[in-house]
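In what follows, a single structure is set out as structure tokens and then discussed.
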Amino acid sequence: MNGFVPYPVRETYRLIEPGPTVLISTSDGVRDNIMTNAFNMPVRHDGILAVIVGTWDTSFATLQATRQCVIGIPGADLMRTTVQVGNSSSQDLDKWKHFGLTRVPGVSVAAPLIGECVANIECKVEDDSLVEDYSLWLLRTTAAWIRPDAVPAPEFHHRGNGTFTTNGELHDLSDEMTKWKYFTD
Ligand SMILES: Cc1cc2nc3c(=O)[nH]c(=O)nc-3n(C[C@H](O)[C@H](O)[C@H](O)COP(=O)(O)O)c2cc1C
1 MNGFVPYPVR ETYRLIEPGP TVLISTSDGV RDNIMTNAFN MPVRHDGILA VIVGTWDTSF
61 ATLQATRQCV IGIPGADLMR TTVQVGNSSS QDLDKWKHFG LTRVPGVSVA APLIGECVAN
121 IECKVEDDSL VEDYSLWLLR TTAAWIRPDA VPAPEFHHRG NGTFTTNGEL HDLSDEMTKW
181 KYFTD
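FYI, full-length UniProt numbering numbers position 15 of the sequence shown as 15, with every residue one higher than the one before it.
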């Protein structure tokens, strides 16, 4: 069809997935969980974000009980660790200790920031009405932190099948964002 070939409907997520692969930290005060998350997106400019966290994750119950978490943005140096974090359960091991990750206290949530990440976003649950059907949590950012010395755009992206991409060249089209100028200032 005009040069297109059919693509499996069940794999369309792979075409739009690549937001950053992130780490999500939760804590119930006794156990600090950490998980990998690749299904995530911004929702509103005032700091509302969405993440998919399912019942298969230990972190799910903690997020449900505490209604707060930290989203850490790992740089490409943490790519392997991030996959390994996502391949293990906080029920079986202390992933923080096992993977040499550093807990850094936040200011608005009990879950620790991840010291090795280039950015950390403290969040509280804004809306869980889509969790039962879609495992989709709407989160409100309550504080956010970045390392000013991090290389530009250091995050990496999951292509959905265990392959990852890092960011390429930066293209600055901010002068052409005429309708949305206030986002570029
Ligand atoms: C690359 C990658 C991406 C993942 N993305 C998600 C995701 O978006 N949502 C999710 O619920 N689980 C995702 N997982 C699976 C969780 O990270 C995994 O179940 C994790 O080990 C749960 O940890 P926990 O049981 O300690 O909470 C992903 C795993 C990997 C390796």
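Virtual Cβ for every residue (Gly too), placed ideally from N, Cα, C.
*ligand 3 heavy atoms versus the CB of N87: any closer than 7 Å?*
Ligand 3 is absent from the structure shown, which contains only ligand 1.
*Relative to ligand 1, is the shortest distance from any of its heavy atoms to the C-beta of S27 smaller than 7 Å?*
No, the beta carbon of S27 sits no closer than 7 Å to any heavy atom of ligand 1.
*Report the rounded CA-to-CA distance for F24 versus T58, giving the unit in angstroms.*
According to the sequence shown, residue 24 is Ile rather than Phe. Those two C-alpha atoms are separated by around 11 Å.
_Could you tell me the alpha carbon to alpha carbon distance between V131 and W180, rounded to whole angstroms?_
32 Å
_I71 to L173 span [Cα, whole Å]_ = 28 Å
*8 Å contact criterion, which W145 and L170 should meet: CB distance rounded*: Not really, about 22 Å apart at Cβ, beyond 8 Å.
*Assign W137 to one of three DSSP states: helix, strand, or coil.*
strand
*Under 8 Å between C-beta atoms of R67 and G160*: Not in contact: R67 and G160 (Cβ atoms no closer than 8 Å).
_Give me, in chain order, the residues of the same chain whose beta-carbon lies closer than 7 Å to that of S88; leave out the 5 immediate sequence neighbours on both sides._
K95
*Span of the beta strand (DSSP E) holding V23?*
The amino acid at residue 23 is misidentified as Val; the sequence shows Leu. Taken as a continuous stretch (DSSP letters only), the beta strand (DSSP E) holding L23 covers 22 to 27.
*Between G162 and D46, what straight-line distance do the alpha-carbon atoms span, to the nearest angstrom?*
Between G162 and D46, the C-alpha separation is close to 32 Å.
*Please work out which residues of its chain come closer than 7 Å, Cβ to Cβ, to L138, disregarding the five sequence neighbours upstream and downstream, and give them in chain order.*
V43, I48, A50, E126, D127
_For a test of your reading of the model: does the CB of T36 fall under 7 Å from any non-hydrogen atom of ligand 1? Yes or no._
yes
*asked:* Check for me: the alpha helix (DSSP H) holding F164 runs from which residue to which?
replied: Looking at the DSSP string, F164 is not in any alpha helix (DSSP H); the run it does join, the beta strand (DSSP E), is 164 to 166.
_Other residues of its chain near N40: CB distance less than 8 Å, five sequence neighbours each side excluded_ = G19, P20, V22, L49, A50, V51, I52, I71
*Whose C-alpha, out of Y182, C123, V118, F183, is nearest the C-alpha of P152?*
V118
_I need the boundaries of the beta strand (DSSP E) containing R44, first residue and last residue._
40 to 44
*Would you decide whether E176 is buried or exposed? Buried here means 16 or more other CB atoms lie within 10 Å of its CB.*
exposed
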